[in-house]
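Numbering that gives the first Met the number 0 puts the first residue of the sequence shown at 0, with every later residue one more than the last.
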Amino acid sequence: MSKVLLAIRDVGLAMPLQDALESGGHQVVWKAEAVDGPIEGATSADVIVVSSSDAHDLSSLVAQYRQLDPVPAVVAIGSGDDAATAREARTSFVDAAADPAELSAAIAHALKHRFAAGLSLALARGALSIEPLGSRSDQIVQVVRESRTADISLVQEALRWYPQHYVCATDLVPSLREARALQVPEIEICKLCDGSMTLQTLVRTKHLPPGPSAALIWALASVGAVTLTPEPPDPNSRRRRAVIMARRHLQARRDRLSASTYYDVLELPPSCEIDAIEGAFQLLATRYSPEALGNLDLAKLRELAEPVWNQILKARQALSDWATRGRYNDWLQEHFDSLTSEWATGDKNQERAEDFYARGQKALVEGDSHGAVSNFAGAARAYPGHPDYECSLLWARFRSDIERGHDRATRARELRAEAETFNVGRRPWPRALVALALLCAADGDSGAARWHAHEALTINPRLPAARRLWKRLGGDG
0 MSKVLLAIRD VGLAMPLQDA LESGGHQVVW KAEAVDGPIE GATSADVIVV
50 SSSDAHDLSS LVAQYRQLDP VPAVVAIGSG DDAATAREAR TSFVDAAADP
100 AELSAAIAHA LKHRFAAGLS LALARGALSI EPLGSRSDQI VQVVRESRTA
150 DISLVQEALR WYPQHYVCAT DLVPSLREAR ALQVPEIEIC KLCDGSMTLQ
200 TLVRTKHLPP GPSAALIWAL ASVGAVTLTP EPPDPNSRRR RAVIMARRHL
250 QARRDRLSAS TYYDVLELPP SCEIDAIEGA FQLLATRYSP EALGNLDLAK
300 LRELAEPVWN QILKARQALS DWATRGRYND WLQEHFDSLT SEWATGDKNQ
350 ERAEDFYARG QKALVEGDSH GAVSNFAGAA RAYPGHPDYE CSLLWARFRS
400 DIERGHDRAT RARELRAEAE TFNVGRRPWP RALVALALLC AADGDSGAAR
450 WHAHEALTIN PRLPAARRLW KRLGGDG
């Protein structure tokens with residue numbers, strides 16, 4: 000017989016509900032004041048029944064009850080329209096018009112999965128029938144050790160919200176190793192928890208079968224030894240930054256090119272020659288080819304990788320054949336108004352832009368930031384939207400603004416954000432990457448600066464500005 004607390008304000012709902020549950024053999028207490036959160040004595044209840052209509056924020060209310068120790072099961076009751084809200088709160092739901100059998104079934108289901116409702120030390124202890132004895136550290140060690148006997152179906156239920164989340168170890172893992180709570184295969188899995196791999200990938204590694212791997216990660220997440228996040232937690236490792244940047248590039252490319260042209264795909268003007276097409280393709284391959292992305296865990300964004308690469312292949316094929324390009328240009332002329340394009344327009348003068356760019360670079364070397372701004376702006380006007388010219392202009396503006404007394408940190412952050420829009424989701428442009436790297440360094444983000452400078456040098460190892468910056472940032476080679 001389970002103990003049920005009705006956290007319901009409506010007398011018309013609570014009284015018949017209490018009668019029905021008591022007829023089913025449950026011990027029921029009705030407390031209207033419990034609609035605002037746990038009250039004294041709530042910890043004695045096995046099940047809390049809350050009304051969706053009473054709760055201002057059902058997710059918050061459910062979370063409050065799940066902070067109790069021992070953790071009760073929570074069932075939401077309401078109209079059919081409230082079912083979605085209950086799903087968001089990750090709790091069982093039953094319609095207020097349900098018959099007693101349905102109500103009892105909902106309570107039985109909630110009780111069965113009560114310890115799979117989230118990830119916490121209290122829930123893990125309950126799942127493993129561990130008494131709350133000893134210090135918190137002792138309990139954590141016991142949970143990790145006992146997780147090898149965990150009910151895998153409960154583990155799967157607890158983790159079902161997180162298969163595409165990235166797993167990253169916390170400072171608690173060394174303590175667990177020191178306490179000898181981890182066996183050798185488990186230690187190897189912990190080494191992989193660097194925030195660059197998702198849960199669904201980690202449970203398929205060679206060190207343990209999927210079930211025990213999942214149980215380990217469930218226990219580690221429950222005690223705070225790993226975090227589960229929808230994005231890699233931070234870019235403070237090269238592997239995580241690679242995943243973060245690949246995801247950003249794919250998302251930005253999808254958004255920018257959903258209704259665009261093949262010229263925008265390759266970032267070339269309509270007058271481009273075959274060798275320029277091949278060069279653009281090779282640069283795009285460094286970011287978007289199966290070889291570039293194949294070893295990265297992109298979670299749900301993996302599904303974007305193939306369409307993005309196929310779009311690049313189609314653009315290369317169509318524009319490399321003169322007859323096909325001619326037919327494409329005819330089609331483009333008819334449909335241009337329904338497309339968005341930066342590259343297929345006729346307002347481009349690269350020769351003039353390069354002349355302005357060279358003068359801008361000379362002005363920077365001579366310490367004339369105002370002259371650099373003027374000339375890079377001329378380059379950007381001659382070739383609008385080109386990453387090299389736009390990003391160089393942003394770097395010159397930063398230099399000029401600092402000389403005029405603007406706040407260095409604020410301008411670095413603002414202009415870096417603008418420069419990123421000309422780099423993310425595009426092909427790598429070495430000169431633009433150098434300008435972005437300089438802005439990242441000015442923003443105090445040496446990791447990002449090294450990343451962009453390294454990418455520029457990978458494409459053009461002789462680029463002087465990139466080499467100087469790389470050396471300044473402590474890069475090797």
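Glycine included, every Cβ here is placed at the ideal spot set by N, Cα and C. No experiment lies behind these values; they were computed from the predicted model shown.
{"Item": "Give the C-beta separation of Glu-491 and Arg-412 to the nearest angstrom, bearing in mind that I take them to be a contact with Cβ-Cβ under 8 Å.", "Value": "Since the first residue shown for the chain is 0 and the last is 476, residue 491 is missing from the structure and cannot be characterised."}
{"Item": "Find out if the Cβ-Cβ distance for the pair Gln-138, Arg-124 is shorter than 8 Å.", "Value": "yes"}
{"Item": "Take Thr-27 as the anchor and find which of Val-372, Val-3, Leu-215 has the nearest alpha-carbon.", "Value": "Note that residue 27 is Val in the sequence shown here, rather than Thr. The option with the nearest alpha carbon to Val-27 is Val-3."}
{"Item": "When the Cα of Lys-299 is compared with those of Tyr-382, Glu-230, Ala-97, Ser-259, which residue comes out closest?", "Value": "Glu-230"}
{"Item": "Give the DSSP-derived three-state secondary structure of Gly-223 in the structure shown.", "Value": "coil"}
{"Item": "Tell me the rounded alpha-carbon separation between Asp-80 and His-25.", "Value": "27 Å"}
{"Item": "Between Leu-472, Thr-420, Arg-144, Gly-424, which has its C-alpha nearest Leu-437's C-alpha?", "Value": "Leu-472"}
{"Item": "Compare the Cα-Cα distances from Leu-392 to each of Arg-403, Ala-352, Thr-409, Thr-228 and report the closest residue.", "Value": "Ala-352"}
{"Item": "Taking only runs of the beta strand (DSSP E) that begin and end inside the segment 181-217, which ones reach a length of at least 3 residues, in chain order?", "Value": "193-197"}
{"Item": "So Ile-47 is in the alpha helix (DSSP H); what residue range does that whole segment cover?", "Value": "Premise fails: Ile-47 lies in the beta strand (DSSP E), 46-50, not in any alpha helix (DSSP H)."}
{"Item": "Which residue marks the beginning of the beta strand (DSSP E) containing Asp-296, and which one marks its end?", "Value": "Neither: Asp-296 is in no beta strand (DSSP E) and is coded neither H nor E."}
{"Item": "So what does DSSP say about Ser-103, is it helix, strand or coil?", "Value": "helix"}
{"Item": "With Gly-11 as the anchor, note down where its alpha helix (DSSP H) starts and where it stops.", "Value": "10-22"}
{"Item": "Measuring only the C-alpha atoms, how far is Lys-205 from His-164?", "Value": "20 Å"}
{"Item": "Only counting the same chain, and skipping five residues up and downstream in sequence, which positions put a Cβ closer than 6 Å to that of Arg-8?", "Value": "Ala-31, Val-34, Asp-53"}
{"Item": "Given Ala-431, which residues of its chain have a CB within under 8 Å of its CB, disregarding the five upstream and five downstream residues?", "Value": "Pro-386, Asp-387, Glu-389, Cys-390, Ser-391, Ala-418, Phe-421, Asn-422"}
{"Item": "Pairs of beta-carbons, one from the segment 280-297 and one from the segment 211-230, closer than 8 Å: are there three or more?", "Value": "no"}
{"Item": "Please report how far the alpha carbon of Asp-367 lies from the alpha carbon of Asp-336, in whole angstroms.", "Value": "42 Å"}
{"Item": "Are Leu-318 and Val-242 closer than 8 Å when you measure CB to CB?", "Value": "no"}
{"Item": "Please classify Asp-442 as buried or exposed, where buried requires at least 16 neighbouring CB atoms within 10 angstroms.", "Value": "buried"}
{"Item": "In this structure, does DSSP put Leu-488 in helix, strand or coil?", "Value": "There is simply no residue 488 to check, as the chain begins at 0 and stops at 476 in what is shown."}
{"Item": "Return the Cβ separation of Ala-489 and Val-48 in integer angstroms, given the expectation that the two are a contact with Cβ distance under 8 Å.", "Value": "With the chain covering only 0 through 476, there is no way to say anything about residue 489."}
{"Item": "Can you tell which of Leu-227, Ala-44, Leu-249 has the C-alpha that lies nearest to the C-alpha of Gln-310?", "Value": "Leu-249"}
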